[in-house]
Every structure is written in structure tokens, then in C-alpha cells.
Ligand SMILES: [Zn+2]
Ligand SMILES: [Zn+2]
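Dropping the structure here:
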């Protein structure tokens, strides 16, 4: 085994340590947080060095502000201090030393004062900073929520297949530019061929709250039917099966989605958002909201939320969509309004009950990002066609 794979194995096994080894005072919490902060700061420093290649265009002006550099310095210092605490407390030094090495590397590259070395611009970029900002923001919101009110209290932070879902998160945020461009292309092309300016002005002139509610309803109707087709048509199901292959539900499970499915889903839902002329504020608010809600509905959050659940999709409602039971097959397609499933006859929410498990019976989807990426394209042998769409 090479040094790198031995190192990865050792790091992984320390992150996935048994509970007794993760108690406060054992140096696990400090080591893990140090490692996360160290990776985050290294990525941000690389972004500062090569903004044209590794940063999201929309976030670039933010890096000019002094406050960003102060925060980055704070993150580097925090990672350093926590790494030292972990090294003192923990018998296994791999977390502490890895974090310390990454902090030193980020500092050597320029740290919080790193400057761009790229003379000319690049039209194509990766959202390395977008990945960091996204995962830290989402983690700060959802990790405490899951720790305080879990559905599955014994579920670990580094649970089954956490690396796979993190990699899904990484890819879809790194490719933010390609995804946004490709997904918006049909909607913007259609919009440029429509000439109903008065109608569009009336739509964008409504109160923001009405605009957002209308977008939620229209995109959910589109999403409902695209989603249902993904379940119904065998070829499409092989793409969507990847999302349903998650056997554990938490804030990162929703990220597991085949690249092609993300594109198709976003391309279709973008059409009503853009063609009807909603204001930029309404679009931005909606995109933020749908991101939060789709993360929330996958989370390991144990409240039944029965009253709210009559009007809005909750974790329990969407967990049933992922349930492994027979009754959970082809139900609860909506992502905002359960009303759509009531209207179209696919509503299933037994009182106060949760599914017994998650995934697809027989677990036909292979493990790992790349195997899952090629899974729908492979010519499947009859035996492999065990992954029939649930409803057929
Ligand atoms: Zn589904
Ligand atoms: Zn889901």
C-alpha cells in the first residue's frame, strides 16, 4: 500500500473513531474542527492566489474587502490553536499533525495576505471558494440542529458513506459555473424569444412575498412531474437511483445526485422562473430558500412538525420518499408543497411514523462517485436490471 493510501486510511479511521474516543477532552473535536478549518483556509488562500481559476465570479469583489483577510487570518489562527490542543490531548496525532501541516502550507503560500499571480483572466473557473463558503455556512446551520434534535441520536457525524456525499457536494459546488450556465441556457434562450414586456413588468411589480410563493408553486409543479418521470422511465430511473441509493439521511445526503439529473431538474425549473419575468430579488430569495429547504428535508432532524407539514414539505415527508419500505415507493414527490402529492394521488404520511430504513431494496447502485456517475450509461446486463423503477 502506498504512503498516501496508508495515510488516508489512518486519517479516515481516526475521524470515524468509536464514540469513547470522540468524547470531549480526547482531542477529537479540536482535531476535527482544526482539520476542517485548515482545509477551508488552504482552499481560500489558493482562491486568493488564482482568483480567475478557483473562485466564483460573484464572490470575487468580497475578497477586496479588508474584513475578509481578517476573517481568514482568524480561521488560520483558530486551526493552528485547535491543532495544538488536539496534539496535546489526543494519543493519535494524525488529526493534529495533518491540520498543522495544512496551516503551515496555507501560510507559506501567503496566508491571509496572499495576492493574485494571474495576469490575464480566464473565462472558465472552478468554485473552490464556493465549496468552502457553502459547506461552512450549511454546516453551521445544520450540524447543531442535528446534534440538538436528531431523529437518529446514535448516527455519527462521519457516518456511513460520508466521503461519497461530501464528494458530491464538492463536485457540484466546484462546477458551479458550468452547472449554472448549462442549466439556465434553455430558460434564457426561451426568454429572449418572448416579447411580453408588459406582462413581465406586472409580474415583477408584485410584492416580493407573492412572487416567491408563485415561484415556489410553479417550480414545484414542474419539479413534481420531472421527478415523477425520473421514477417512471427506466432509463431516467438509473440516474435518479443514485439519489435514492443513500442509506443514511442527514444534511449531506441531498447532495448525492447524478450530475445529469441536477442539470435536467434545474433546466426545467428555471423556465417558469425566468420566462415569466420575476424580479432578481425574488429569484435570489427563492434560490436561497430552496437550497435551505432541500438540505433541511434530508437532515437527521427528529421533529414531526405535523402542523407545518400540512403546508410545507418537512424532513419526515421527504424521508418517506427515501424510505425502503414498500409503502414508500413512488410517494411524496413534492419538494415544497405536500398539496401537490395530495392532488396527484401520491401522498403518504402515516401519523407520527418514520421509515425503518432508507435506500433501494437490494441496493443495486454501486458505491463511489465515479461508479455511480457511469452507472446509468453502462449497458446493463439483465441481472443488473434489478434496479427497475420502483413503480414498474
Ligand atoms: Zn425520487
Ligand atoms: Zn431526496
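Numbering (this note's numbering), first residue to last: 73 to 464.
Cβ coordinates follow ideal geometry from the N, Cα and C atoms, glycine included.
Predicted model, so just to flag it, every value in this text is computed and none were measured.
For the stretch 278 to 285 and the stretch 409 to 423, state whether three or more C-beta atom pairs, one from each stretch, are separated by less than 8 Å.
No, the stretch 278 to 285 is not in contact with the stretch 409 to 423.
Using a strict less-than 7 Å threshold between each residue's beta carbon and the heavy atoms of ligand 1, what residues do you get?
Cβ-based neighbours of ligand 1 within the cut-off: 299, 302, 303, 312, 315, 316, 393, 405.
Identity of the residue in 106, 448, 254, 392 nearest residue 152 by Cα | The count along the chain shown starts at 1 and reaches residue 152 at position 80. Nearest C-alpha to residue 152: 106.
(request) Report yes if the CB atom of residue 414 is closer than 9 Å to the CB atom of residue 322, and no otherwise. (result) Indexing the chain shown from 1 puts residue 414 at position 342. Indexing the chain shown from 1 puts residue 322 at position 250. No. Outside cutoff.
On the three-state DSSP scale, how would you describe residue 381?
As a first step, residue 381 is located in the chain shown; it is residue number 309 there, counting from the start. Residue state, collapsed to three classes: helix.
- Message: Can you determine whether any heavy atom of ligand 2 sits closer than 8 Å to the C-beta of residue 390, and answer yes or no?
- Response: The sequence position of residue 390 within the chain shown is 318, counting from 1. Flag set: Cβ of residue 390 near ligand 2.
Original post:
Measuring from the CB of residue 330, is there a heavy atom of ligand 2 at a distance below 8 Å?
Top reply: For the purposes of this step, residue 330 is taken as the residue at position 258 of the chain shown. Checking every heavy atom of ligand 2 against the Cβ of residue 330, none is found closer than 8 Å.
Check: Say the cut is 8 Å; is the CB of residue 211 nearer than that to a heavy atom of ligand 2?
Finding: On the chain shown, position 139 is the one that residue 211 refers to. No, the beta carbon of residue 211 sits no closer than 8 Å to any heavy atom of ligand 2.
Margin query: Could you give the first and the last residue of the continuous alpha helix (DSSP H) run that contains residue 81?
Written below: Translated into the one-based positions of the chain shown, residue 81 becomes position 9. Note, residue 81: alpha helix (DSSP H), 75 to 87.
I'd like to check one pair, residue 284 with residue 358: are the Cβ atoms closer than 9 Å? Reading the chain shown from its first residue, position 286 is the one you call residue 358. Reading the chain shown from its first residue, position 212 is the one you call residue 284. Result yes, Cβ atoms of residue 358 and residue 284 sit closer than 9 Å.
- Message: Classify residue 391: buried if its beta carbon has 16 or more other beta carbons within 10 angstroms, exposed otherwise.
- Response: Counting from 1 along the chain shown, the entry for residue 391 is found at position 319. Buried: at least 16 other Cβ atoms inside 10 Å.
To the nearest angstrom, how far is the alpha carbon of residue 128 from that of residue 140? On the chain shown, residue 128 is found 56 positions in, with the first residue counted as 1. On the chain shown, residue 140 is found 68 positions in, with the first residue counted as 1. Straight-line Cα distance between these residues: approximately 15 Å.
In this structure, does DSSP put residue 349 in helix, strand or coil? By 1-based counting over the chain shown, the position of residue 349 is 277. In the three-state scheme derived from DSSP, where H, G and I count as helix and E and B as strand, residue 349 is classed as coil.
Inset, instruction - Could you pull out every residue in the same chain whose Cβ sits closer than 6 Å to the Cβ of residue 316, ignoring the five residues on either side in sequence? - result: Here residue 316 refers to the residue found at position 244 when the chain shown is read from its first residue. So the list reads 432, once near-sequence residues are dropped.
* To do: Determine, using beta carbons only, whether residue 402 and residue 300 come nearer to each other than 9 Å.
  => Taking the chain shown and counting its residues from 1, the one referred to as residue 402 is at position 330. Taking the chain shown and counting its residues from 1, the one referred to as residue 300 is at position 228. Their beta carbons are under 9 Å apart, which means residue 402 touches residue 300 by this criterion.
_Runs of alpha helix (DSSP H) lying entirely within the stretch 384 to 431, each at least 4 residues, in chain order_ = Complete alpha helix (DSSP H) runs here, min 4: 387 to 394, 411 to 416.
- Message: Just checking residue 325 against ligand 2 - is the residue's beta carbon closer than 8 Å to any of the ligand's heavy atoms?
- Response: By one-based count along the chain shown, residue 325 stands at place 253. Correct: residue 325 has its Cβ closer than 8 Å to ligand 2.
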